[in-house]
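To start, the structure itself, in structure tokens.
Numbering (our numbering), first residue to last: 60 to 127.
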């Protein structure tokens, strides 16, 4: 199966924009088939969460087979 777990960390500028994680997922999808994604945001306070905080994605992926 050759499945691997990856962890991507970024930050949220608001509840709808997660910086860095989308770019990292796009890069991974060029070489891997993404199977599963677990996403979480957290902050040290409720106010920070509303204005931004840390975002983490745990991604299960499998390396794409190269055609011979």
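Idealized CB from N, CA, C, for every residue including glycine.
- Run through DSSP, which three-state label would residue 102 get? In this structure, residue 102 counts as coil in the three-state DSSP scheme.
- Message: Can you look up residue 62 in the DSSP assignment and give me helix, strand or coil?
- Response: Note: residue 62 maps to strand in three-state DSSP.
- Task: For residue 124, name the three-state secondary structure that DSSP assigns.
- Result: The answer is coil: DSSP assigns residue 124 none of H, G, I, E or B.
- Within the same chain, show all residues whose beta-carbon is closer than 8 Å to that of residue 113, passing over the 5 residues directly before and after it, in chain order. Correct list, in chain order: 68, 69, 70, 71, 100, 101, 102.
- Message: Is the separation between the beta-carbon of residue 119 and that of residue 95 shorter than 7 Å?
- Response: In this structure, residue 95 lies closer than 7 Å to residue 119 by Cβ.
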